[in-house]
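Q: With my numbering, the residue at position 155 of the sequence shown is 155, and numbering never jumps.
Can you keep this structure in mind? I'll have questions shortly.
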Amino acid sequence: FQTQDLLAAREEEMLETDPVAAIKRIILVQTDDIRLNIAITGEPGTGKSTFVNAFRGINNNDEGAAPTGCGGTTTSPTSYLHPDYPHVILWDLPGIGSTMWPADEYVERVELKKFDFFIIISANRFRENDVKLAKEIQKMGKKFYFVRSKINHNLSDEKRSQRDFTEERTLAAIIEDCFKGLQKVGTESPQVFLLSSPDLSQHGLNQLKRTFERELPELKRKALFPHRCNYCPTFRNCC
Numbered sequence: 001f002q003t004q005d006l007l008a009a010r011e012e013e014m015l016e017t018d019p020v021a022a023i024k025r026i027i028l029v030q031t032d033d034i035r036l037n038i039a040i041t042g043e044p045g046t047g048k049s050t051f052v053n054a055f056r057g058i059n060n061n062d063e064g065a066a067p068t069g070c071g072g073t074t075t076s077p078t079s080y081l082h083p084d085y086p087h088v089i090l091w092d093l094p095g096i097g098s099t100m101w102p103a104d105e106y107v108e109r110v111e112l113k114k115f116d117f118f119i120i121i122s123a124n125r126f127r128e129n130d131v132k133l134a135k136e137i138q139k140m141g142k143k144f145y146f147v148r149s150k151i152n153h154n155l156s157d158e159k160r161s162q163r164d165f166t167e168e169r170t171l172a173a174i175i176e177d178c179f180k181g182l183q184k185v186g187t188e189s190p191q192v193f194l195l196s197s198p199d200l201s202q203h204g205l206n207q208l209k210r211t212f213e214r215e216l217p218e219l220k221r222k223a224l225f226p227h228r229c230n231y232c233p234t235f236r237n238c239c
């Protein structure tokens, strides 16, 4: 206890003489233990629960997997721990725009503001509910990834309908559509990932995981100081 008291006194002294260095030290210590609540959201039937399982590195039929099936299988927000990141909690949210979860009630009923970070899953072109989610998340000053799922369906459809089909051109067109939709709602530097089922690693899951791992420390810092990092100069220098 004497050592802890000395460290606490040292931190108080640092806060007076060099507040930026002191806060950086506090952040480094506390971010290891901070819980990061990640919401997986989007319309029903887009593959949110399958994504939750794949992101955790488990199959849909494994013990502890999120239930999957046709349509909206998630009827209430359900949490899942990540095996590799013990302080990361994935929340499988009900689909926005369903009968049980109308779009105009969704943000308040699902308590969107309590989550730290978001992954929006979409299985089609950029839609009205995707716009609503992106706007609400940005209004809260928080970050999200945009995931286009079921890319294999798009590739199959385009291959049947286009004589000069190429996979590269089709994927580029899908990404461009996502970028345009996100930029229209004011998203700067959108992060878009393409996922294909059943092989989710084929189009972007590994890339998403690498990006998340790289950005995890920053996401934890923002979860620890959600408002101070934006408005206080001292905290902004640290974050």
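Even for Gly, the Cβ is constructed at its ideal location relative to N, Cα and C.
#1: Do you know how far the Cα of tyrosine 145 is from the Cα of proline 190?
#2: Does the separation of the CB atoms of arginine 148 and leucine 194 fall below 8 Å?
#3: Run the CB neighbour count on proline 233, radius 10 Å, all protein chains shown included, and call it buried at 16 or more, exposed below.
#4: Does DSSP classify tyrosine 106 as helix, strand or coil?
#5: Going by DSSP in three states, valine 52 sits in which element: helix, strand or coil?
#6: So, helix, strand or coil for arginine 228, using DSSP?
#7: Note down the Cα distance separating alanine 172 from leucine 205, rounded to an integer number of angstroms.
#8: Are any of the Cβ atoms in chain C nearer than 8 Å to that of serine 161?
#9: Please give me, in chain order, every unbroken run of the alpha helix (DSSP H) with length at least 4 that falls completely inside the region 118-146.
#10: Under the three-state reduction of DSSP, which class applies to tryptophan 101: helix, strand or coil?
#11: According to the Cβ coordinates, are methionine 100 and threonine 78 closer than 8 Å?
#12: Along the alpha helix (DSSP H) that carries glycine 204, what are the first and last residues, could you check?
#13: Assuming threonine 50 contacts asparagine 61 under a Cβ cut-off of 8 Å, what Cβ separation, rounded to an integer in Å, is found between them?
#14: Throw me the rounded Cβ distance for the isoleucine 121 and glycine 42 pair, which I believe falls under 8 Å.
#15: CB-CB under 6 Å to leucine 6, same chain, minus the five flanking residues each way: which ones, in chain order?
#16: Taking the C-alpha atoms as reference points, what is the distance between glycine 186 and histidine 82?
#17: Which residue or residues does DSSP assign as beta-bridge partners of tyrosine 80?
#18: Could you check whether the region 124-135 touches the region 95-115, counting it as contact only if at least three pairs of C-beta atoms, one from each stretch, sit closer than 8 Å?
#19: When you compare the CB positions of lysine 139 and phenylalanine 118, do they come within less than 8 Å of one another, or not?
#20: Quick check on this structure: which residue in Gly45, Glu136, Lys114 has the alpha carbon closest to the alpha carbon of aspartate 104?
#21: Once DSSP output is grouped into helix, strand and coil, what is the label at valine 29?
#22: Using a Cβ-Cβ cut-off of 8 Å (strictly less than) and excluding sequence neighbours within five positions of aspartate 177, which residues of its own chain qualify?
A: On the basis of the data shown:
#1: 8 Å
#2: yes
#3: For proline 233, the predicted structure reports a pLDDT of 44, less than 50, and the residue's modelled location is therefore unreliable. A value from the coordinates is still provided. Classification of proline 233: exposed, given that the 10 Å Cβ count is below 16.
#4: helix
#5: helix
#6: Residue placement at arginine 228 is poorly supported in this model, since its pLDDT is 44, which falls under 50; the coordinates are not used for a value here.
#7: 17 Å
#8: Of the protein chains in the structure, only one exists, and it is not chain C.
#9: 128-139
#10: coil
#11: no
#12: Counting along the chain, glycine 204 falls outside any alpha helix (DSSP H), and DSSP gives it neither H nor E.
#13: Contact flag wrong, Cβ pair sits at about 11 Å.
#14: 4 Å
#15: Bear in mind that a pLDDT of 42 at leucine 6, under 50, signals an unreliable position, so the model cannot answer this.
#16: 31 Å
#17: Leu90
#18: yes
#19: no
#20: Glu136
#21: At valine 29, the pLDDT of 49 sits below 50, so the modelled position is not reliable; the number obtained from the coordinates is stated separately. Correct three-state label for valine 29: helix.
#22: Arg125, Phe126
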